[in-house]
Ligand code: UD1
Ligand code: UDP
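In the numbering used here, the protein residues as written are 5 to 377.
Structural data, given as structure tokens:
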């Protein structure tokens, strides 16, 4: 098979790595396209280096911009690449602007689309990511779901065919890289940290960074934490904190974004993680670290149901209280699969290929339901 794989933002490099490896191991031809949504060394190249991701075949260098402009630039440039490459299928992952641009470009060219991390919903359409997910799922052909909740959500939206629960490719990456990260990262020594002697925080959601009142509350909450807090700051957040004139207590240490290996080691040894990141919520669960989610809702509801993640909202007093009281149970069910998601995805792609994916099926389904009338 010839597969175009689209990545663009930090989590997509992590999600993409195991699938790239599995595709290549099975002798398929992967054409890797980097939209250029993230471009700083610490937001992009470091992941290629550490995760052994091959250099992109195309880097579209779209860069930053307003939602519509960034997505539109990607759409045009992706269309040109897809016309040139003519793949058997296109893989997009997650919920970024690179995801929806890739799916739209492929759909307009009638190319089969496989969505990795399909069916996630926050039910908050103010989030750009929610729009990206809903649109991507509505035009995809194969749906690879991280959790059973996502499978049920797609069913509730009338999407049943081509849906597979594979587990989380981020778990694949996590399990594969854990021992490598432990060998390569000296971040604890560099920062003078001891295991369980600090908390780790990340914040980058637009809803938190672009609303000065919410961001000020997060700053206040971190300032009330009863232990050292290591805070690798996303560039978007760095700018927003500057605009706010935020002042941090001495125990909150702001650092540049860290590479994947350093991040894994910081996560694994943290006493607690406070985050609004989707990937980091799941990684907290993989490592068995208690998590406070600095949002009012989450897509990763299974981690909350399991008792390991708490929706902490935005009130500093509430967050401070949860910071002390949150104690997860002993059990941690395998809700994100067994770390073989990438291999399963490649096998499903191989099996779907002779059917030309969902195109024919979708037309007949529409006709059967009267949709084609
Ligand atoms: C994007 C995704 C979000 C994902 C996050 C992962 C969308 C709508 N959002 O959000 O779902 O969780 O990536 O980190 O796709 N910037 C830099 N250097 C970079 C990249 C960004 O300085 O390498 C700054 C720019 O000022 C930019 C801002 O960060 O405007 C936001 O970047 P952008 O990619 O638009 O959105 P993220 O907040 O990163
Ligand atoms: N990450 C990292 N360094 C950092 C912050 C995050 O390596 O400084 C990793 C994190 O471990 C996870 C991925 O980036 O694998 C998640 O990306 P992010 O939080 O930016 O996006 P989200 O998952 O919320 O879409």
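Beta carbons are placed, not taken as given, at the ideal position from N, Cα and C, and that holds for glycine.
Residue range of the alpha helix (DSSP H) that residue i falls in?
i: residue 180; result: 173-188
i: residue 326; result: 320-329
i: residue 97; result: No alpha helix (DSSP H) contains residue 97, which is instead part of the beta strand (DSSP E) from 93-97.
i: residue 309; result: 305-309
i: residue 85; result: 71-89
i: residue 413; result: The displayed coordinates of the chain run from 5 to 377. Any statement about residue 413 would go beyond what the structure contains.
i: residue 273; result: 264-273
i: residue 353; result: 345-356
i: residue 156; result: 152-160
i: residue 1; result: The requested residue 1 does not occur in the structure, where the chain is confined to residues 5 to 377.
If you follow the beta strand (DSSP E) that residue i is part of, which residue opens it and which one closes it?
i: residue 297; result: 295-297
i: residue 6; result: 6-11
i: residue 119; result: 117-120
i: residue 279; result: 276-279
i: residue 132; result: Premise fails: residue 132 lies in the alpha helix (DSSP H), 132-143, not in any beta strand (DSSP E).
i: residue 236; result: 233-236
i: residue 257; result: 256-259
Please go through the same chain and pick out, in chain order, the residues whose beta-carbon is closer than 6 Å to the beta-carbon of residue i, but skip the five residues on each side of it.
i: residue 56; result: none
i: residue 132; result: 71
i: residue 277; result: 204, 288, 293 and 295
i: residue 259; result: 236
i: residue 39; result: 12, 64, 66, 78 and 102
i: residue 62; result: 37 and 85
i: residue 143; result: 107 and 111
Cβ-heavy atom distance between residue i and the ligand UD1 below 7 Å?
i: residue 39; result: no
i: residue 236; result: no
i: residue 48; result: yes
i: residue 133; result: yes
i: residue 240; result: yes
i: residue 101; result: yes
i: residue 126; result: no
By Cβ distance below 7 Å, which residues in the same chain neighbour residue i in space, the five residues on each side in sequence not counted?
i: residue 152; result: 169
i: residue 16; result: 97, 98, 100 and 102
i: residue 380; result: Nothing about residue 380 can be read from this structure; the chain reaches only from 5 to 377.
i: residue 341; result: 170, 171, 172 and 175
i: residue 285; result: 279, 295, 297, 302, 304, 307 and 313
Within its chain, find whatever has a CB closer than 8 Å to the CB of residue i; leave out the 5 residues flanking it on each side and keep chain order.
i: residue 134; result: 99, 125, 126, 127 and 128
i: residue 141; result: 119, 122, 123, 147, 158, 161 and 163
i: residue 368; result: Note that residue 368 scores 40 on pLDDT, short of 50, meaning its location in the model is unreliable; the coordinates nonetheless yield the value given after this. Closer than 8 Å at Cβ, skipping near neighbours: no residue.
i: residue 239; result: 44, 47 and 261
Given the structure, does residue i come close to the ligand UDP, in the sense that its CB is under 7 Å from one of the ligand's heavy atoms?
i: residue 262; result: yes
i: residue 15; result: yes
i: residue 8; result: no
i: residue 89; result: no
i: residue 174; result: yes
i: residue 140; result: no
i: residue 144; result: no
i: residue 12; result: no
How should residue i be labelled, buried or exposed, when 16 other C-beta atoms within 10 angstroms of its C-beta is the threshold for buried?
i: residue 20; result: buried
i: residue 88; result: exposed
i: residue 265; result: buried
i: residue 10; result: buried
i: residue 7; result: buried
i: residue 130; result: exposed
i: residue 74; result: buried
i: residue 243; result: exposed
i: residue 282; result: buried
i: residue 60; result: buried
i: residue 321; result: exposed
i: residue 216; result: exposed
Examine the ligand SAM and report whether any of its heavy atoms sits within less than 7 Å of the Cβ of residue i.
i: residue 104; result: The ligand SAM is not part of the structure shown, which contains the ligand UD1 and the ligand UDP as its ligands.
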